Amino acid sequence: MRLSDLFSLVIRETRIQKKTVLAMILVQVCLITVCVLLWMTSLSIRSTLSAYLDIQYPEGETVTLIRADYTQRTALLDAGFSEIHADCTGDLRSTIRCTEKDAVIDKESYRICYLWTVEDAELTAVSGQLWTAETEETPAIWLSERAAGELGCDAGDAFVFESYTKTSEEFPVLGIYPECDEYGDVIVNFVPYIRMISEIGIPQSYGMTGTVEQISDLPEIRRTCEAMGVTFSSRAEPWFSSMNMIEVLLYGVSVLLTLLYWMTLLHFCGMLLHRRTSFTVLCCFLGAEKRRIGALYAWLLCGAFAVSAFLSTGLLLIGIYCGDQAVFRLAGVSCFTASQTVLVFVLFVLCGFAAIGFSAFSQQRRIKMDVSALEEGGVSV
Amino acid sequence: MITVKQISRSYPHCEALKETDLQIQDGTFTAIVGRSGSGKSTLLRILGGLDSPTSGEVFYDDISLQKMSEVQLAAFRNQHIGFVFQQFFLEPQYTVYQNVEMPLIIGAVPKRERRSLVEKQLAAVGLLHKKNALASSLSGGEKQRTAIARAMVCDPPVILADEPCGSLDTENGAIVMQLLRAMAGQGKTVILITHNREDAAKTDRIITLEDGQVIDDATF
């Protein structure tokens with residue numbers, strides 16, 4: 103039998119058995135998706151729950167804490183964290199210092215406005231010059247009359263933005279403006295400011311996320327954090343006590359569903375082949391080898407299974423996203439990683455193909471070449 | 015020439031054939047008759063390589079069916095034997111054309127050649143106009159003619175027909191017998207299994223079986 107003829111027979115057979123093939127695809131899509139998601143969750147539950155602990159530094163004392171952050175972070179790493187990430191959300195935190203005058207613009211005491219727009223000032227400068235369209239790209243600061251008086255600064259002084267280790271280039275005070283509610287106490291030219299902030303790498307939030315290697319490390323990390331006055335929290339912590347039970351439960355359900363998956367897959371293989379036993383016998387009467395007919399059904403089943411696998415990848419992505427969101431809300435952790443998904447999914451698909459091949463050929467071999475099989479199978483129209 | 019040597023076939027509860035010997039010349043039209051259970055269908059299955067004898071051998075010229083592997087036997091059936099059954103055994107969801115085409119597909123005949131071969135056989139049995147009709151929509155006589163076209167499409171030298179007129183009315187039965195006679199006229203060896211004496215009388219030779227043994231062999 104030629105390969106092209108084999109494929110046209112596969113298409114013909116698929117058309118004849120379209121309802122069963124469709125049912126097989128739908129059931130397989132659901133089962134593959136659920137099984138892969140469950141196995142991924144089971145395999146990663148322990149490491150997942152031990153990750154993503156929140157560390158919150160106390161509010162206030164901006165400068166000191168940001169500087170302290172650097173040393174404490176080393177200490178925390180020593181305490182067992184494998185990774186710490188600073189989130190870039192919330193208020194932009196940085197120290198604005200005039201070294202020459204030893205003046206610091208305290209964000210709690212002074213209202214800072216960032217100059218976004220390109221337009222000439224409508225105010226009259228008390229001293230120096232105010233902003234124009236031409237100063238848009240220039241690193242520059244303007245102080246209100248009150249702030250300038252309290253800080254002891256005047257036009258021509260320069261401020262820098264500080265991180266742990268770096269400082270920005272100087273932002274000179276270009277002018278002093280009269281008191282104005284609209285502009286607050288300090289005006290910073292936004293475009294050069296944001297460029298500098300990103301260059302010197304100022305952490306922009308107190309919120310940090312740490313990852314521990316093992317759940318067993320947690321008590322030590324908790325003690326270290328508490329000794330440093332750092333608030334340590336994890337929404338996943340209440341789950342730690344029942345970790346073993348959750349794991350056993352998840353593995354149990356995963357195994358059961360996997361068994362169900364294999365049973366349905368083999369059942370569908372059997373159903374598709376059994377319904378066409380008479381066709382197989384007829385083909386053998388006409389001179390076909392059983393293994394050729396086995397190949398025909400193996401291709402048919404593999405095609406249906408490949409469609410199932412393809413559709414389930416889409417469903418898996420949706421499942422992963424929704425599952426991750428749901429678990430994050432419940433326990434504050436992300437539960438799935440891409441590498442695990444691919445591995446488990448590929449394993450399922452490969453085993454599925456192997457089972458189909460085995461089933462198709464072994465069942466064909468068992469079919470008895472008997473006229474009665476033709477009569478039972480309804481080939482005699 | 016088909017030679018049957020000391021063929022026996024036993025089943026758990028009975029012995030269908032008992033050391034039967036037979037020789038059938040090429041190009042003859044032979045009827046094997048007997049009552050139900052006499053062993054004629056078993057003999058036909060063994061002659062067609064669909065069943066294996068408990069002992070003995072079947073030779074097509076010098077080739078023993080029993081010495082062939084499964085793969086060789088399948089190829090032999092495809093190229094050398096055409097089957098016609100009482101129940102037609104057509105694939106109901108295939109068209110007439112697709113049913114007749116099946117042995118050619120199995121025999122790896124190229125698609126272009128298949129078309130002319132199938133149409134030639136359908137024309138020979140008078141069913142070319144029905145080639146796109148589903149097999150399930152045909153009448154009994156048309157189904158049997160389709161089955162005959164399928165048996166003939168690979169141009170096999172041997173045709174084994176098991177009660178081909180058993181499910182047909184007299185008129186259609188006569189047409190089928192004419193087609194079988196025509197095949198014999200073309201040099202094919204046609205072996206007809208039947209319990210109908212009238213059909214058997216239309217052949218060149220009648221072999222009578224009883225209890226798995228040849229009790230009579232008459233040539234006309």
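From first to last, the protein sequence lines are chains Y and D.
All residue numbers in the first sequence are consecutive under this note's numbering, ending with 483.
All residue numbers in the second sequence are consecutive under this note's numbering, ending with 234.
Glycine included, each C-beta is placed from N, C-alpha and C at the ideal position.
Bear in mind the structure is a predicted one, so any value in this text is a computation, not a measurement.
DSSP on residue i, reduced to helix/strand/coil?
| i | result |
| --- | --- |
| Phe99 (chain D) | strand |
| Asn186 (chain D) | helix |
| Gln466 (chain Y) | helix |
| Arg114 (chain Y) | helix |
| Lys202 (chain D) | coil |
| Ser22 (chain D) | strand |
| Phe334 (chain Y) | strand |
| Gln227 (chain D) | strand |
| Val172 (chain D) | strand |
| Tyr399 (chain Y) | helix |
| Tyr212 (chain Y) | coil |
| Val139 (chain D) | coil |
| Thr122 (chain Y) | helix |
| Thr135 (chain Y) | helix |
| Ala235 (chain Y) | helix |
| Thr42 (chain D) | coil |
| Thr56 (chain D) | helix |
| Thr68 (chain D) | coil |
By Cβ distance below 7 Å, which residues in the same chain neighbour residue i in space, the five residues on each side in sequence not counted?
| i | result |
| --- | --- |
| Thr217 (chain D) | Phe43, Thr44, Ala45, Leu206 |
| Val352 (chain Y) | Strictly speaking, residue 352 (chain Y) in this sequence is Leu, with Val absent from that position. So the list reads Leu140, Thr143, Ser144, Ile147, once near-sequence residues are dropped. |
| Arg467 (chain Y) | Lys392 |
| Pro170 (chain D) | Gln93, His94, Ile95, Gly96 |
| Gly421 (chain Y) | Thr135, Leu139 |
| Asp35 (chain D) | Val18, Lys19, Gln20 |
| Thr360 (chain Y) | Cys137 |
| Leu104 (chain D) | Asn113, Ala149, Lys157, Thr160, Ala161 |
So with CB distances below 8 Å, who are the chain D contacts of residue i?
| i | result |
| --- | --- |
| Gly396 (chain Y) | Per Cβ cutoff of 8 Å: no residues; Gly396 (chain Y) is ~13 Å from chain D at best. |
| Ile118 (chain Y) | Gln107 |
Could you pull the DSSP bridge partners for residue i from this structure?
| i | result |
| --- | --- |
| Gly230 (chain Y) | Y:Gly277 |
| Glu33 (chain D) | In the DSSP output, where bridge partners are listed per residue, Glu33 (chain D) has none listed. |
| Ala205 (chain Y) | Y:Cys200 |
| Trp244 (chain Y) | Y:Gly277, Y:Ile289 |
| Ser78 (chain D) | D:Phe73 |
| Ala232 (chain D) | D:Ile220 |
| Leu148 (chain D) | D:Thr109 |
| Phe263 (chain Y) | Y:Ile198 |
| Ala214 (chain D) | Ala214 (chain D) pairs with nothing; no bridge assigned. |
| Leu217 (chain Y) | Y:Asn291 |
| Ile323 (chain Y) | DSSP output for Ile323 (chain Y) lists no bridge partner at all. |
| Val47 (chain D) | D:Thr208, D:Thr222 |
| Ile16 (chain D) | D:Ile38, D:Tyr74 |
| Thr269 (chain Y) | Y:Glu264 |
Note down, in chain order, every chain Y residue with its Cβ under 7 Å from the Cβ of residue i.
| i | result |
| --- | --- |
| Val85 (chain D) | Glu391 |
| Ala89 (chain D) | Gly389 |
Output needed for residue i: all residues of its chain with C-beta closer than 6 Å, excluding positions within five of it in sequence on either side, in chain order.
| i | result |
| --- | --- |
| Asn291 (chain Y) | Leu217, Ala242 |
| Ala198 (chain D) | Phe43, Val204 |
| Gln130 (chain Y) | Ser410 |
| Ile490 (chain Y) | Beyond the ends of chain Y as shown, which are 103 and 483, falls residue 490 (chain Y); an answer cannot be given. |
| Tyr285 (chain Y) | Cys215 |
| Pro160 (chain Y) | Model confidence at Pro160 (chain Y) stands at a pLDDT of 45, short of 50, so the residue's coordinates are unreliable; what they give is reported in the following sentence. Counting only Cβ-Cβ distances below 6 Å, and skipping sequence neighbours, we find nothing. |
In chain D, which residues lie with their C-beta within 7 Å of the C-beta of residue i?
| i | result |
| --- | --- |
| Arg104 (chain Y) | Ala122 |
| Phe381 (chain Y) | Glu105 |
| Asp426 (chain Y) | Chain D residues near Asp426 (chain Y): none, gap ~47 Å exceeds 7 Å. |
Looking only at its chain, what residues have a beta carbon closer than 8 Å to the beta carbon of residue i, apart from the 5 residues adjacent to it on each side?
| i | result |
| --- | --- |
| Ile278 (chain Y) | Ala227, Val228, Ser229, Gly230, Trp244, Leu245, Ser246, Glu247, Ala250, Asp256, Ala257 |
| Gly62 (chain D) | Arg91, Ile95, Phe97, Leu174 |
| Thr122 (chain Y) | Phe370, Met373, Leu374, Arg377 |
| Val237 (chain D) | Outside the shown range of chain D (15 to 234) lies residue 237 (chain D), about which nothing can therefore be said. |
| Asp176 (chain D) | Ser55, Leu58, Phe97, Val98, Phe99, Gln100, Ile207 |
Output, in chain order, the set of chain Y residues within a Cβ distance shorter than 9 Å of residue i.
| i | result |
| --- | --- |
| Asn92 (chain D) | Leu388, Gly389, Ala390 |
| Phe73 (chain D) | Under the 9 Å cutoff, chain Y gives no residues; its nearest Cβ is about 19 Å from Phe73 (chain D). |
| Phe97 (chain D) | Phe387, Leu388 |
Within 8 Å of any Cβ in chain B, is that where the Cβ of residue i sits?
| i | result |
| --- | --- |
| Met166 (chain D) | No chain B is present in this structure, whose protein chains are Y and D. |
Report the neighbours of residue i on chain Y: residues whose CB is nearer than 8 Å to its CB, in chain order.
| i | result |
| --- | --- |
| Pro117 (chain D) | Leu388, Gly389 |
For the segment 107–115 of chain Y against the segment 317–326 of chain Y, do three or more pairs of beta-carbon atoms, one drawn from each stretch, fall closer than 8 Å, so that the two count as touching? At 8 Å Cβ cutoff, the stretches do not touch.
Is the number of C-beta pairs between the segment 83–93 of chain D and the segment 109–122 of chain D that are closer than 8 Å three or more? Judged by Cβ distances under 8 Å, the segment 83–93 of chain D makes contact with the segment 109–122 of chain D, as three or more pairs qualify.
Touch test, the segment 15–30 of chain D against the segment 185–200 of chain D, Cβ-Cβ under 8 Å, three pairs minimum: The segment 15–30 of chain D, when compared against the segment 185–200 of chain D, does not touch it at the 8 Å Cβ threshold.
Across the segment 154–161 of chain D and the segment 104–112 of chain D, are there enough close Cβ pairs to call them in contact, namely three or more that are closer than 8 Å? With a cut-off of 8 Å on Cβ pairs, the segment 154–161 of chain D is in contact with the segment 104–112 of chain D, counting three or more such pairs.
Assess, as a yes-or-no matter, whether the segment 362–378 of chain Y is touched by the segment 126–134 of chain Y under the definition of 3 or more beta carbon pairs within less than 8 Å. They touch, by the three-pair rule.
Check whether the segment 447–454 of chain Y and the segment 405–419 of chain Y touch, using three or more Cβ-Cβ pairs below 8 Å as the test. Judged by pairs of C-beta atoms under 8 Å, the segment 447–454 of chain Y touches the segment 405–419 of chain Y, as three or more such pairs exist.
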